[in-house]
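Enquirer: Mapping of the sequence shown onto the numbering used here: residues 35 to 337, in sequence order.
For every residue, glycine included, the Cβ atom is placed at its ideal position computed from N, Cα and C.
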Amino acid sequence: MTTTRAGFVALIGEPNAGKSTLTNRMVGAKVSIVTHKVQTTRARIRGVAIEGDAQIVFVDTPGLFKPRRRLDRAMVAAAWGGAADADITVLLIEAHRGVTEGVEAIIEGLAGIGKGRKVVLAINKIDRVEAPVLLALTKDMNDRFAFAETFLISAEKGYGVDDLKRWLAGQVPEGPWLYPEDQIADLPLRMIAAEMTREKLTLRLHQELPYQLTVETEAWEERKDGSARIDQVVYVARDGHKGILLGYKGETIKAVGKAAREELEEFLGRRVHLFLQVKVRENWLDEAERYSEMGLDFRDGNA
Numbered sequence: 035m036t037t038t039r040a041g042f043v044a045l046i047g048e049p050n051a052g053k054s055t056l057t058n059r060m061v062g063a064k065v066s067i068v069t070h071k072v073q074t075t076r077a078r079i080r081g082v083a084i085e086g087d088a089q090i091v092f093v094d095t096p097g098l099f100k101p102r103r104r105l106d107r108a109m110v111a112a113a114w115g116g117a118a119d120a121d122i123t124v125l126l127i128e129a130h131r132g133v134t135e136g137v138e139a140i141i142e143g144l145a146g147i148g149k150g151r152k153v154v155l156a157i158n159k160i161d162r163v164e165a166p167v168l169l170a171l172t173k174d175m176n177d178r179f180a181f182a183e184t185f186l187i188s189a190e191k192g193y194g195v196d197d198l199k200r201w202l203a204g205q206v207p208e209g210p211w212l213y214p215e216d217q218i219a220d221l222p223l224r225m226i227a228a229e230m231t232r233e234k235l236t237l238r239l240h241q242e243l244p245y246q247l248t249v250e251t252e253a254w255e256e257r258k259d260g261s262a263r264i265d266q267v268v269y270v271a272r273d274g275h276k277g278i279l280l281g282y283k284g285e286t287i288k289a290v291g292k293a294a295r296e297e298l299e300e301f302l303g304r305r306v307h308l309f310l311q312v313k314v315r316e317n318w319l320d321e322a323e324r325y326s327e328m329g330l331d332f333r334d335g336n337a
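(1) R291 to T231, Cα distance in whole Å?
(2) Using a beta-carbon distance below 9 angstroms, is A145 in contact with chain B?
(3) Taking G3 as the reference, give the member of V154, E215, M175 with the closest Cα.
(4) Give me whichever residues DSSP pairs with F185 in a beta bridge.
(5) For the 8 angstroms Cβ check, are there 3 or more pairs between the segment 254-272 and the segment 200-210?
(6) Is the segment 163-171 close to the segment 192-199, with three or more CB pairs under 8 angstroms?
(7) In the structure shown, what three-state DSSP assignment does R263 receive?
(8) Alpha carbon to alpha carbon, how far is T69 from V312?
(9) Give me, in chain order, the residues of the same chain whose beta-carbon lies closer than 6 angstroms to that of A189; leave out the 5 immediate sequence neighbours on both sides.
(10) Could you give the DSSP three-state label for W254: helix, strand or coil?
(11) Grab the span of the beta strand (DSSP E) containing F309 for me, first residue to last.
(12) Give the straight-line distance between the Cα atoms of E255 and R263, rounded to the nearest whole angstrom.
(13) Write down the C-beta distance between V91 and L212 rounded to the nearest angstrom, noting that I regard them as a contact closer than 8 angstroms.
(14) So, with DSSP's three-state summary, where would you put A129?
(15) Going by Cα to Cα distance, which pick from L308, A203, K152 is closest to A180?
(16) Checking 9 angstroms against the spacing of the C-beta atoms, do V249 and V314 come in under that value?
(17) Could you pull out every residue in the same chain whose Cβ sits closer than 7 angstroms to the Cβ of F42, ignoring the five residues on either side in sequence?
(18) For a test of the three-state rule: what should DSSP assign to F42, helix, strand or coil?
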């Protein structure tokens, strides 16, 4: 009889290290939000990958950084919580950036949760540096922490990712699968839909207000013709932000809505009618309900 395996793998690292890209590459579907903006993964989005007889559940944590406000603190607590709960932790660092202050701080944190747990190192974006740099970085990192294994990868191009996936599949505990085979993420579809819209807003607005907004799916109606009507609200912290978001004659929000709808249709494999509203809520960053919508714990944000 075949022995099945299943377990949780936490990906941790600094913002923009490539955690979401790696999750998507492993899972083979777009589950986690990928954007060039830092700190875009807020909730512990899980992607489920199958490798042989093993099911690997990826906990894609928010990037670890120095928290300054409540939302930041809740995100960092979620990241460490994800790592502490996982069977295996993968620390992802960028080859061309090497051992940054942030990486040093994460290694210190790992010492706290690392006892008796498997922690592996994945050096990402290896196509950006020469071999001697990679060798030196591998040695430096392994001198600092006893990693179970080191993998040299490019999450974007796919180099080395299959090796990492195979190794993880062999290391997760023996046991029954945790999710049905056709399920790729344990986030409710409403949250995935909200994240897709938020990604489009982040890409469109760049530096203007990406962390001052959040998106919630208010209503989801399944129509008789097989399509879905999705109503979402974009919350911003100030009146001025509303204007930026709407754009001249509503062009910005229209373009965002179109891009989000197209991606949702591709993801769901059917027609979607997407309706976006923009509302000003000055204190949304301090409302417990908004945090629950993002899969974060409001209490984790306490100073």
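Expert: So, from the data block:
(1) Here residue 291 refers to the residue found at position 257 when the sequence shown is read from its first residue. Here residue 231 refers to the residue found at position 197 when the sequence shown is read from its first residue. The displayed chain sequence assigns Gly, not Arg, to residue 291. Distance between the alpha carbons of G291 and T231: 7 angstroms.
(2) Chain labels in this structure do not include chain B; a single protein chain is all it has.
(3) This structure does not reach residue 3, given that the chain is present from 35 up to 337, and the question cannot be answered.
(4) Residue mapping note: residue 185 aligns to position 151 of the sequence shown, counting from 1. In DSSP, F185 forms a bridge with A156.
(5) no
(6) no
(7) Within the sequence shown, numbered from 1, the residue matching residue 263 stands at position 229. Residue state, collapsed to three classes: strand.
(8) Working through the sequence shown from its first residue, we reach residue 69 at position 35. Working through the sequence shown from its first residue, we reach residue 312 at position 278. Bear in mind that a pLDDT of 45 at T69, under 50, signals an unreliable position, so the number given afterwards is only what the model happens to contain. One C-alpha to the other measures close to 22 angstroms.
(9) Here residue 189 refers to the residue found at position 155 when the sequence shown is read from its first residue. Taken in chain order, the residues that qualify are G52, T55, L56, R59, N158.
(10) Looking up residue 254 in the sequence shown gives position 220. The answer is strand: DSSP assigns W254 an E or B state.
(11) Working through the sequence shown from its first residue, we reach residue 309 at position 275. It spans 306-314 - the beta strand (DSSP E) in which F309 sits, taken as one unbroken run.
(12) Locating residue 255 in the sequence shown gives position 221, counting from the first residue. Locating residue 263 in the sequence shown gives position 229, counting from the first residue. Between E255 and R263, the C-alpha separation is close to 5 angstroms.
(13) Numbered from 1 along the sequence shown, position 57 holds the residue referred to as residue 91. Numbered from 1 along the sequence shown, position 178 holds the residue referred to as residue 212. About 6 angstroms separates the two Cβ atoms, so the contact holds.
(14) Position 95 of the sequence shown, counted from the start, is the residue given in the question as residue 129. Reduced to three states, the DSSP call for A129 is coil.
(15) The count along the sequence shown starts at 1 and reaches residue 180 at position 146. For A180, the nearest C-alpha among the options comes from K152.
(16) As a working note, residue 249 is residue 215 in the sequence shown. As a working note, residue 314 is residue 280 in the sequence shown. Going by C-beta atoms, V249 is not nearer than 9 angstroms to V314.
(17) Taking the first residue of the sequence shown as 1, we reach residue 42 at position 8. Closer than 7 angstroms at Cβ, skipping near neighbours: V91, V93, D119, A120, D121.
(18) As a working note, residue 42 is residue 8 in the sequence shown. It is a strand residue.
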